[in-house]
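Right, one structure below, let's go through it.
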Amino acid sequence: MNPRAAAVRAGLTRGRIEFRHNLGQAYGYVFFPTIALIVMYVLRDNTVPGTDFSLGDRAIPGILAMNLVFTGVMGLAVMLITEREDGTLLRAKATPNGVLGYLTGKVTSQAAMSIATMFIVLVPAALLFDGLRLDAVSPWLTLAWVLTLGLAATLPLGAIIGSLFTHPRNLRFATLLLMGLVAISGVFRPLDALPEWLRWVGQAFPLYWLGLGMRSAMLPDALASAEIDGSWQRLETICALGAWAVIGFAAAPAILRRMARRDSGTRARGARRAAHRERTGHRTG
Numbered sequence: 001m002n003p004r005a006a007a008v009r010a011g012l013t014r015g016r017i018e019f020r021h022n023l024g025q026a027y028g029y030v031f032f033p034t035i036a037l038i039v040m041y042v043l044r045d046n047t048v049p050g051t052d053f054s055l056g057d058r059a060i061p062g063i064l065a066m067n068l069v070f071t072g073v074m075g076l077a078v079m080l081i082t083e084r085e086d087g088t089l090l091r092a093k094a095t096p097n098g099v100l101g102y103l104t105g106k107v108t109s110q111a112a113m114s115i116a117t118m119f120i121v122l123v124p125a126a127l128l129f130d131g132l133r134l135d136a137v138s139p140w141l142t143l144a145w146v147l148t149l150g151l152a153a154t155l156p157l158g159a160i161i162g163s164l165f166t167h168p169r170n171l172r173f174a175t176l177l178l179m180g181l182v183a184i185s186g187v188f189r190p191l192d193a194l195p196e197w198l199r200w201v202g203q204a205f206p207l208y209w210l211g212l213g214m215r216s217a218m219l220p221d222a223l224a225s226a227e228i229d230g231s232w233q234r235l236e237t238i239c240a241l242g243a244w245a246v247i248g249f250a251a252a253p254a255i256l257r258r259m260a261r262r263d264s265g266t267r268a269r270g271a272r273r274a275a276h277r278e279r280t281g282h283r284t285g
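Those letters in the sequence shown? Residues 1 to 285, by the UniProt record's numbering.
Shown next as structure tokens:
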């Protein structure tokens, strides 16, 4: 077997094992979307401007898309930073194609976690909001390709962020950026309420297209009139998410390898000692 193919296969196996091991932590990823569901349920009598459709029902696909991005991107970034600190990534670098297998495993594990947490939120949402269109085969087929492309477009960003930052505390800046993107990506309200330049910024990032694709899968076709250009823009969604996926999967392994080359056993031990001192200081303080 080709060495790279063997590394990918080993990574897929590792990702499956890690997902089963970490599944119990899924509750940590569903807290904020659960709060968002409650808020949207309270606002269910408000309607999308120009329609009689519930604003709460319209927001559900966007909330699910937001949770997918946060679970995938930030979860993967935290794992990478943590395992740089404990030397796991350093050990992966020491084996042939180890970084490729390592990244494959992490992407697989976090993709599975993202999908699992999405369904944990989707089940109560389907019971609370009767405007979702989930009673036919076509919505699920659309949801399948949107999820596949959306995860491929966003998960490499988590690897890149995890490579650029050296401590989970530093991810606050990335979290703030993601929250800003949520505000301008049409998650809770159509983009028509925003200035035109902010609409263009929102459309430049994959969260908008992931949310749009999920709305096209889960909402009635008549609601497309509330979107930009009055349509679901499925072809544009495929192109935008596909472009982000290609760029991400081309850049993430290179950035991760470069970061791994800079790391060393001495640096990893220093990071572990610093983390230990910080934890000890918190306990004694």
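Note that CB positions come from ideal geometry on N, CA and C, so glycine has one too.
- Assigned with DSSP and collapsed to three states, Ser185 falls in coil, not helix or strand.
- According to DSSP, Ser54 shares a beta bridge with Thr47.
- In this structure, Ala144 lies away from Phe19, with their beta-carbon atoms at least 9 Å apart.
- With fewer than 16 neighbouring CB atoms inside 10 Å of its own CB, Gln25 falls in the exposed class.
- The Cβ atoms of Gly62 and Ala153 do not sit closer than 9 Å to each other.
- By the neighbour-count criterion, in which 16 or more other beta carbons inside 10 Å mark a residue as buried, Met218 falls on the buried side.
- With respect to Val121, Val201 sits apart: the two C-beta atoms are not nearer than 9 Å.
- Distances from the CA of Tyr208 to each of Val146, Pro156, Arg258, Ala252 were compared; the closest alpha carbon is that of Val146.
- Counting along the chain, Val73 sits inside no alpha helix (DSSP H), nor does DSSP assign it H or E at all.
- In this structure, the alpha-carbon of Leu157 lies about 31 Å from that of Val137.
- In the structure shown, Asn170 adopts helical secondary structure according to DSSP, grouped into three states.
- For Asn97, same chain residues with a beta-carbon under 6 Å away, outside a window of 5 residues either side, are Pro3, Arg4, Ala7 in chain order.
- Short of 6 Å from the beta carbon of Ala252, and not among the five residues preceding or following it, lie these beta carbons of its own chain, in chain order: Pro156, Ala159, Ile160.
- The Cβ atoms of Leu37 and Asn46 lie no closer than 9 Å to each other.
- The Cβ atoms of Thr51 and Ala222 sit closer than 9 Å to each other.
- With a contact defined as Cβ atoms closer than 8 Å, Ile228 and Leu132 miss out at about 22 Å.
- Selection Met259, Phe249, Pro49, Leu210 evaluated against Glu236 yields Leu210 as nearest (Cα-Cα).
- The straight-line gap separating the alpha-carbon atoms of Thr166 and Leu64 is approximately 29 Å.
- Excluding residues up to 5 positions away in sequence, Gly162, Pro168, Leu171 lie with their Cβ nearer than 8 Å to the Cβ of Val78 in the same chain.
- The straight-line gap separating the alpha-carbon atoms of Phe70 and Leu151 is approximately 11 Å.
- Counting along the chain, the unbroken alpha helix (DSSP H) around Trp200 starts and ends at 196 to 203.
- Look at Pro61 here: in three-state DSSP terms it is helix.
- The beta carbons of Val73 and Leu178 sit closer together than 9 Å.
- For Ala153, the secondary structure class from DSSP, reduced to helix, strand or coil, is helix.
- Less than 9 Å separates the beta-carbon of Phe129 from that of Arg44.
- Sixteen is the threshold: since fewer than 16 other Cβ atoms of the shown chains lie within 10 Å of the Cβ of Val123, the residue is exposed.
- For Pro206, the secondary structure class from DSSP, reduced to helix, strand or coil, is helix.
- Sequence-distant Cβ neighbours of Leu12 in its own chain, meaning closer than 8 Å and more than five residues away, are Thr104, Gly105, Thr108.
- In summary, Ile35 is exposed, with fewer than 16 beta-carbon neighbours lying within 10 Å of its beta-carbon over all protein chains present.
- Bounds of the alpha helix (DSSP H) holding Asn22 are 3 to 22.
- Following the DSSP letters along the chain, one finds Thr95 in no alpha helix (DSSP H), marked with neither H nor E.
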